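Q:
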Amino acid sequence: MIARLSGTLIESSFTSCIVDCGGVGYEVQIPVSTFDKLPQPGEKVVLKIHTAVREDAITLFGFATDEERKLFRLLIEVSGIGGKLALNVLSSTAVTSFCAAVGASDVKALSRIPGIGKRTAERIIVELRDKLNAGLGGDIAVATASPECASAINDVALALEQLGFKRDAIDKVLKTLAAELPEGEVDGEKLLRNAIRKLSF
Numbered sequence: 003m004i005a006r007l008s009g010t011l012i013e014s015s016f017t018s019c020i021v022d023c024g025g026v027g028y029e030v031q032i033p034v035s036t037f038d039k040l041p042q043p044g045e046k047v048v049l050k051i052h053t054a055v056r057e058d059a060i061t062l063f064g065f066a067t068d069e070e071r072k073l074f075r076l077l078i079e080v081s082g083i084g085g086k087l088a089l090n091v092l093s094s095t096a097v098t099s100f101c102a103a104v105g106a107s108d109v110k111a112l113s114r115i116p117g118i119g120k121r122t123a124e125r126i127i128v129e130l131r132d133k134l135n136a137g138l139g140g141d142i143a144v145a146t147a148s149p150e151c152a153s154a155i156n157d158v159a160l161a162l163e164q165l166g167f168k169r170d171a172i173d174k175v176l177k178t179l180a181a182e183l184p185e186g187e188v189d190g191e192k193l194l195r196n197a198i199r200k201l202s203f
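Following my numbering, the numbering of the sequence shown begins with 3 at its first residue and continues without gaps.
#1: Just the C-alpha distance for residue 140 and residue 15, rounded to the nearest angstrom, thanks.
#2: Measure the beta-carbon distance from residue 176 to residue 198 and round it to whole angstroms, keeping in mind my assumption that it falls under 8 Å.
#3: So what's residue 31 in DSSP terms, helix, strand or just coil?
#4: For residue 10, write down the residues that DSSP places opposite it in a beta bridge.
#5: Leaving aside the five residues before and after residue 196 along the sequence, list all residues of the same chain whose C-beta is less than 8 Å from its C-beta, in chain order.
#6: Pull up the distance between the alpha-carbon of residue 79 and that of residue 133, whole angstroms please.
#7: So, using beta-carbon positions, are residue 5 and residue 51 closer together than 7 Å?
#8: Put residue 64 into one of helix, strand or coil per three-state DSSP.
#9: If distances are taken between C-alpha atoms only, which option among 97, 85, 45 and 129 comes closest to residue 63?
#10: Would you tell me roughly how many angstroms separate the C-alpha atoms of residue 89 and residue 191, rounded to the nearest one?
#11: Can you tell me whether residue 116 is buried or exposed? The criterion is at least 16 other CB atoms within 10 Å of its CB, across all chains shown.
#12: Take the Cβ of residue 56 as the centre, count every other Cβ of all protein chains shown within 10 Å, and call the residue buried at 16 or more, exposed below.
#13: Taking only three categories from DSSP, how would you classify residue 17?
#14: Going by CA-CA distance only, name the one from 200, 189, 201 and 171 that's closest to residue 66.
#15: Would you kindly work out how many angstroms separate the C-alpha atoms of residue 159 and residue 119, rounded to a whole number?
#16: Name the DSSP beta bridge partners of residue 88, please?
#17: Could you give the residue range of the alpha helix (DSSP H) that holds residue 100?
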């Protein structure tokens, strides 16, 4: 199985890229969060790879971070979620926000993700809530946040994206700030201000 690709980026789009490794061009399916981190064509790129093997195809899914790949692998274990929908989840929400919503059983927040209806959201919560911390190395501080905290964190993440900040930077900052929150307490406006301050340096 291919677990890592290191080579020259030939071309890319929001959903896929081609990486040249020793003269062989590999087509890799990617989420938007990984697209945001890709270098310019002609430059070196390294991707974490999940290889999906079926009778009629071998598909490579690529990720910029270990967290994204781990979450992808957890998602495709959920009944009814395949690689395409799992990529859509990663393209639509930050890892921290997703974990916060699952940890808080926030069906409404998960249902905002394109392709995820109420029933699928409920299934994700049931099948993933106990797996997220262990599956992502136990470092997603907001996975067990209260519904109020999870909702506020998700709203802040969306607001920061609309302000033009990159999703991976948002994820790191919110993870740090969430770990510092008093248990069960969150001030959305204060969290947003603190996040902007950290992201601006």
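Heads up, the beta-carbon is just placed ideally off N, CA and C, and yes, glycines get one too.
These figures come from a predicted structure and were not determined experimentally.
A: If we stick to the structure as given:
#1: As a first step, residue 140 is located in the sequence shown; it is residue number 138 there, counting from the start. As a first step, residue 15 is located in the sequence shown; it is residue number 13 there, counting from the start. Any reading at residue 140 is ruled out, since the residue's pLDDT is 46, under 50, leaving its predicted position unreliable.
#2: To locate residue 176, count along the sequence shown from 1; it is residue 174. To locate residue 198, count along the sequence shown from 1; it is residue 196. Incorrect: roughly 11 Å between the Cβ atoms, too far for contact.
#3: Within the sequence shown, the letter at position 29 stands for residue 31. In this structure, residue 31 counts as strand in the three-state DSSP scheme.
#4: Counted from its first residue, the sequence shown places residue 10 at position 8. In the DSSP output, where bridge partners are listed per residue, residue 10 has 22 and 46.
#5: Taking the first residue of the sequence shown as 1, we reach residue 196 at position 194. The residues are 179.
#6: To locate residue 79, count along the sequence shown from 1; it is residue 77. To locate residue 133, count along the sequence shown from 1; it is residue 131. Near 11 Å, if we compare the C-alpha coordinates of residue 133 and residue 79.
#7: Numbered from its first residue, the sequence shown carries residue 5 at position 3. Numbered from its first residue, the sequence shown carries residue 51 at position 49. Contact flag set, yes.
#8: Within the sequence shown, the letter at position 62 stands for residue 64. Residue 64: strand per DSSP, three-state reduction.
#9: Translated into positions along the sequence shown, residue 63 becomes position 61. Checking every option, the nearest Cα to that of residue 63 belongs to 85.
#10: By one-based count along the sequence shown, residue 89 stands at place 87. By one-based count along the sequence shown, residue 191 stands at place 189. Their backbone Cα atoms lie some 30 Å apart in a straight line.
#11: The residue given as residue 116 occupies position 114 in the sequence shown. By the 10 Å Cβ count, residue 116 comes out exposed.
#12: For the purposes of this step, residue 56 is taken as the residue at position 54 of the sequence shown. Result: exposed.
#13: The residue labelled residue 17 in the question sits at position 15 within the sequence shown. Residue state, collapsed to three classes: coil.
#14: Taking the sequence shown and counting its residues from 1, the one referred to as residue 66 is at position 64. Comparing Cα-Cα distances from residue 66 to each of 200, 189, 201 and 171, the minimum goes to 171.
#15: If you number the sequence shown from 1, residue 159 lands on position 157. If you number the sequence shown from 1, residue 119 lands on position 117. Going from the Cα of residue 159 to the Cα of residue 119 covers about 21 Å.
#16: For the purposes of this step, residue 88 is identified with residue 86 of the sequence shown, where counting begins at 1. Looking at the DSSP assignment, residue 88 forms no beta bridge with any residue, so it has no partner.
#17: Along the sequence shown, read from residue 1 onward, the residue named residue 100 stands at position 98. Counting along the chain, the alpha helix (DSSP H) containing residue 100 begins and ends at 97–105.
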